[in-house]
Amino acid sequence: MREIVMASVSKGAGKTSMIVGIGRALGGKVGYMKPFGDRLLYRKKRLWDYDSALVSSIFGIEANPEDVSLGFDHAKLSFTADAEDTRRRVSEAAERVGKGRDVVFIEGGRDMSYGASVHMDPISIARATGARLFAVVQGEGTTVLDDISFLKSTVCAPDVPFGGVIVNKVRDLVEFGDLTLPRIAELGVPVAGVVPFEQELTYLSVSYIAEGLFAKVITGEQQMNRSVRTLMIGAMSQNAALESPLLKKRDIMVITSGDRSEIILIALENNAACVLLTNDILPPPNIIALAEEKNVPLLLVPFDTYETARQVDSMMPLLGKDEMGKIELLTELARKHIKLDAFSG
Amino acid sequence: MAALPDIKHLFEPRGVAIIGASHDPSKIGYKILSNIVASGYRGALHPVNPKGGEILGLPVSRSVAEIPGDELDLACVVVPAKFVFEAVKGCADRGVKFCMAISSGFSDVGNREEERKIVAYARERGMRVLGPNIFGVYSRPAAMNATFGPSKIAPGKVAIVTQSGAIGLSMIGKTAVESIGLSAIVSVGNKADIDEADLLDYLVADEGTSVVLMYVEGVQKGERFVSALRSATRKKPVVIIKSGRSERGAIAAASHTGSVAGSDEVFDDVVRQCGVLRAESIGEAFEWCKFLSDTPMPKGERTLIVTNGGGIGVMAADACEKYGVRLFDDPKLLKELFSSVTPEFGSLKNPVDLTGQATSTHYDKALDAALACESVDSVLALYCETAVFDAENLEAMIQENCRRYREGGKPIAFSIIGGEMTEKALLSLRGKAVPVFADVYTAVSCFGSMYAYHRRRNERPEAVLEADIDVGAIEELCVRAHRERRSSFLADEGQRLLELMGIPMPKTGLARNLDEAVKVAESIGYPVVMKVVSRDIIHKTDMGGVALDIDNRDEVIDAYRGILHNCRTRMPNAVIQGVQISEMLKGNSEFIVGGRRDSAFGPVVMFGFGGIYVEVLKDVAFRAFPMTRKEVMEMLKDVRSYPLLLGVRGQEKKDIGAVVDTIVKVGTVIHRCPSISDMEINPVFVCEHGSGVKAVDVRIILSDVTRGGADA
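Chains as they are written, first to last, in the working numbering: chain P, 1 to 345; chain H, 346 to 1057.
What follows is the structure, encoded as structure tokens:
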């Protein structure tokens, strides 16, 4: 059984996405844990880490939440365990989740230092489990070089088995290969993969947005998996809305108050992915009936339009368990751009 | 302030002045004067115009002050808006009792200030103002047509009060065509002072009025209106047409007379509570008024249908179900009464089918039998034109039967369908105010209105209910919230309010940290419900601030942290006091009880099927408060989910008495605590009979903080 710690230098680099892609590309039985949870999700009366819940769902892992994530609170963890206890708990939990598995991915927190005060940073976890540490970095050119240089000076220690870096979200693979890759090689840091940026992975799904806002689903339950590529705030007049270039784009989500019937109608007639109704105002029954007929999701929230748009705009495009398109894309990216034998050998 | 005059002097003035009387026949100032003269008004009539002279043979005073004599009860002001105040001032100083301000250009165009000034001056001197923006008053007792509408108004028994000038004027013409006579018609316009409530007392007391018809667009001073309606509908039928049902209609109504139509659902529920007959259209209203003004009231609700066609009989039976008309149902008596006039293949059920062979003689015999039978309270006779019927006798047969029924004090109506001869008879009979209709549904709807009024009239008046509540203690809670510039109560204040109202809540406690959360949950006992407590978070479920069915310690810990995480993520600026933990109640009997100060009607209560989907399902009913026990029960039955309270699928009956008490308590708080504008208990968990109710969550909205207290 192979244990891999997946860490990142900065938040949102794509650790979880890489775990999903690599895990599926490898095939076999995949185990997973994220010792120090940082994306708290309350579901089915228990606290989960969002990433833990996602990966467990994708790989059909039925582990106890307490084994997958040992804690969320610095304060609680520092009171309940010292360094030795923490090492032991992490190691034992890794053994339990790894039973019968071909590979176990252990995901670190948002960056290299997160959890260090309670011995739950990625390096401490790698030491405790003996797992091979990989780091995901993102960005272009000099940012990547800075991150990798930093990693070399802190992570590359004899007692930390360092597997290498995965460079994620690279916009220009050719330029990267020509200019940056040679300099990484000069640093002597192994590169386990260079993965290109994919716009599709940045889109939110309707169901993700609905869950994030605790929105009520009025119609279109079957279309909740649709991607949202563009947001359009329906605050203009009917004529202006009809002439808006946003309306011509694919997969738009129109955010408007529930009493703006004319805007809602325009959205429905232009095949919007979803209409997000604000101010807790339901549109008239004929509009709801039309949305039902066209199978367009109508979501209802109590916030005003500005607050709703602000919340949607600030949502991180995390992977959803029902987003099979994205999951397949990540798998394909791992197959094409990751040295899979670095994870299986 | 001087004492206000008796409204009688508006309808029976001893002297009338027309301020702005005109020599020009095309002007309103001339038209009104000429109508008063033509209608045969017997009191003193004084045209006023600075030019003086003579109009229609009457000497013209140059000002109100110049008018001779003492008895000047009514002044009609027909001058441009900018001169109205001076005219009103003159009238008030002269001691005129009522002033009709015909002129428009006040709150109808947004000029409320001038209107207020006029009314304030008038009332200070003991004068009442009708209007502005009206067409005038017609009064049969005074033989006075002080309107600028049609000159000829047929006298009769229907009184009309209208908020729309155009509709009112056209109603005058229409009543003449429909052979409906009027006892009065009053245009209230902007209702700056006198409104419908003021007029109702006089009209229902007037012996010459049998029915009152009101056209309403918006309601102000709703509590007075409700009180006046409740009293009026026990004495005479009151029919209301209200526009502004739709959103568009409401907007149009708002711009028409400066009044804003309240929610139509509230209006509908409240006026039905008051015993009003609400018509869907002017046509329907006129049919009802005509029928009610000339038809004797039934002694009971046993209606017999006599027909010569099976199909039309079935339609009539369907219509009776729709309009709440109960059918006479004694097969033995039916056989006894009608077997001699019905062929063997006819029907002796109700409807009684005389068959297509029937002639006028058969109808006469059948209707004679029904008239003589004390067990039959009213009769609906249907006629389909056949080749066998002696059509030349149709009109006479109907007219004679209607006459005998009227003399016998039993209601009857005919519905006839056919070709040329039938239509001719229909037209002729309707011109003579005989109760005959082309459409059976129209006929039955008239019966429906008659029976609705009959039930109202025969209702035993009950005392209104009010709960015994410590209003002072409740107001103290409000003072604290106002001091902190809050517009709603916190969770603990809501609980305290419920304690003061005597409405139990599930066992509950507030946790300010994780340890307290566990302690409270374990002291209450599982399962529990956990909810965030924050003045800034009103819709807790929408924020992820609620966790249900928490069964053990671990779940308490996770729920506590999950709730705080969700709320802080969604509303980072919200101040969170903690998490409330309560016993979890299970079952399907969750209802909503609410109350609010409606902008139109004042204190209004709401009851319905509750929970988080109440705003989607909208299975609710409204009533004005205070109310009687009977009205509370009717309100419960209006809700489609009412059978859940009776117990379904083997479940026990619920404590309906406790539900009634809860509604009365909420109504009392809204009625007597002006600092509270809205109160909603949702859900109210209704336990089994004898076990009361529990208020699971309560939301209190306070009256406008900036005004420092109650709404005006």
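Glycine residues also receive a C-beta, built at the ideal position from the N, C-alpha and C atoms.
Check: Just by C-beta distance, which residues in the region 203-225 of chain P are closer than 7 Å to chain H?; Outcome: F214
Check: If we count the other Cβ atoms within 10 Å of its Cβ and call it buried at 16 or more, is T1051 (chain H) buried or exposed?; Outcome: Per-residue confidence for T1051 (chain H) stands at a pLDDT of 45, beneath the threshold of 50, marking its modelled position as unreliable; the derived number appears in the next sentence. By the neighbour-count rule (16 or more Cβ atoms within 10 Å), T1051 (chain H) is not buried but exposed.
Check: Please confirm whether I263 (chain P) and G220 (chain P) have their CB atoms less than 7 Å apart.; Outcome: no
Check: In chain order, what residues of the same chain have a beta carbon less than 6 Å from the beta carbon of K347 (chain P), not counting five sequence neighbours either side?; Outcome: Residue numbering for chain P in the displayed model covers 1 to 345; residue 347 (chain P) lies beyond these limits and cannot be assessed.
Check: Ordered along the chain, which non-local residues of its own chain (more than five positions away) have a Cβ less than 8 Å from that of P849 (chain H)?; Outcome: L843, G1037, V1038, K1039 and A1040
Check: Return the first residue and the last residue of the alpha helix (DSSP H) that A192 (chain P) is part of.; Outcome: Careful: A192 (chain P) lies outside any alpha helix (DSSP H), inside the beta strand (DSSP E) at V191 to P196.
Check: Under 7 Å between the Cβ atoms of H337 (chain P) and V174 (chain P)?; Outcome: no
Check: Below 8 Å, can you find three or more Cβ-Cβ pairs linking the region 920-929 of chain H to the region 942-949 of chain H?; Outcome: no
Check: For a test of the three-state rule: what should DSSP assign to E84 (chain P), helix, strand or coil?; Outcome: helix
Check: I'd like to know if K326 (chain P) contacts chain H, where contact means its C-beta is closer than 7 Å to some C-beta of that chain.; Outcome: no
Check: Taking Cβ to Cβ, would you say Y560 (chain H) is nearer than 7 Å to T492 (chain H)?; Outcome: no
Check: Starting from P285 (chain P) and walking both ways along the alpha helix (DSSP H), at which residues does that stretch end?; Outcome: P285 to K294
Check: What does K45 (chain P) touch in chain H if you count any residue whose Cβ is under 8 Å from its own?; Outcome: A892, D894, I895, D896, E900, D903 and A904
Check: What in chain P is Cβ-close to M315 (chain H), meaning under 9 Å?; Outcome: Because chain H is modelled from 346 through 1057, residue 315 (chain H) falls outside the range shown and cannot be assessed.
Check: Which term fits K427 (chain H), buried or exposed, when burial requires 16 or more other beta carbons within 10 angstroms of its beta carbon?; Outcome: exposed
Check: Nearest to F1061 (chain H) by alpha carbon, out of H:F759, H:A812, H:D896 and H:V616?; Outcome: Outside the shown range of chain H, which is 346 to 1057, sits residue 1061 (chain H), and nothing can be said about it.
Check: Can you say whether P780 (chain H) is buried or exposed, counting buried as having 16 or more other CB atoms within 10 angstroms of its CB?; Outcome: buried
Check: Where does I184 (chain P) land, buried or exposed, given buried means 16+ other C-beta within 10 angstroms?; Outcome: buried
Check: Would you grab the beta carbon distance between A550 (chain H) and R569 (chain H) for me? Rounded to a whole angstrom, and I think it's under 8 Å.; Outcome: Contact doesn't hold; Cβ gap of about 17 Å is too wide.
Check: Measuring only between beta-carbons, confirm whether G955 (chain H) sits less than 7 Å from chain P.; Outcome: no
Check: Given 8 Å as the limit, is there contact between the region 1018-1030 of chain H and the region 976-990 of chain H, that is, 3 or more CB pairs closer than that?; Outcome: no
Check: Going by DSSP, name the residue or residues bridged to A856 (chain H).; Outcome: H:V924
Check: Name the two residues that bound the continuous alpha helix (DSSP H) containing E332 (chain P).; Outcome: M324 to H337
Check: State yes or no: is the C-beta of V97 (chain P) within less than 7 Å of the C-beta of G27 (chain P)?; Outcome: no
Check: Note down, one range per segment and in chain order, each alpha helix (DSSP H) of at least 4 residues found wholly within the region 230-291 of chain P.; Outcome: 238-243 and 261-269
Check: Quick check: the Cα distance between D67 (chain P) and M33 (chain P), rounded to an integer number of angstroms?; Outcome: 7 Å
Check: I'd like the list of long-range same chain contacts for T767 (chain H), defined as Cβ closer than 6 Å, with 5 residues on each side in sequence excluded.; Outcome: E730 and I761
Check: For G870 (chain H), return the contacting residues in chain P, with the cut-off set at a CB-CB distance below 9 Å.; Outcome: By Cβ distance, chain P contributes nothing, its closest Cβ being about 17 Å from G870 (chain H), past 9 Å.
Check: Along the beta strand (DSSP E) that carries A7 (chain P), what are the first and last residues, could you check?; Outcome: R2 to S8
Check: For chain H, find out if any of its Cβ atoms is closer than 7 Å to the Cβ of L40 (chain P); answer yes or no.; Outcome: yes
Check: Closest Cβ-Cβ distance between H884 (chain H) and chain P: below 7 Å?; Outcome: yes
Check: Of all the options H:V409, H:D887, H:F834 and H:P582, which has the alpha carbon lying nearest to the alpha carbon of R880 (chain H)?; Outcome: H:F834
Check: Less than 7 Å between the C-beta atoms of I287 (chain P) and S261 (chain P), yes or no?; Outcome: yes
Check: Using 8 Å for Cβ pairs, my map puts G854 (chain H) next to I869 (chain H). What's the rounded Cβ distance?; Outcome: 7 Å
Check: For F443 (chain H), which of H:G455, H:R748, H:N456 and H:V464 has the nearest alpha-carbon?; Outcome: H:V464
Check: Between which two residues does the alpha helix (DSSP H) carrying V68 (chain P) extend?; Outcome: P65 to V68
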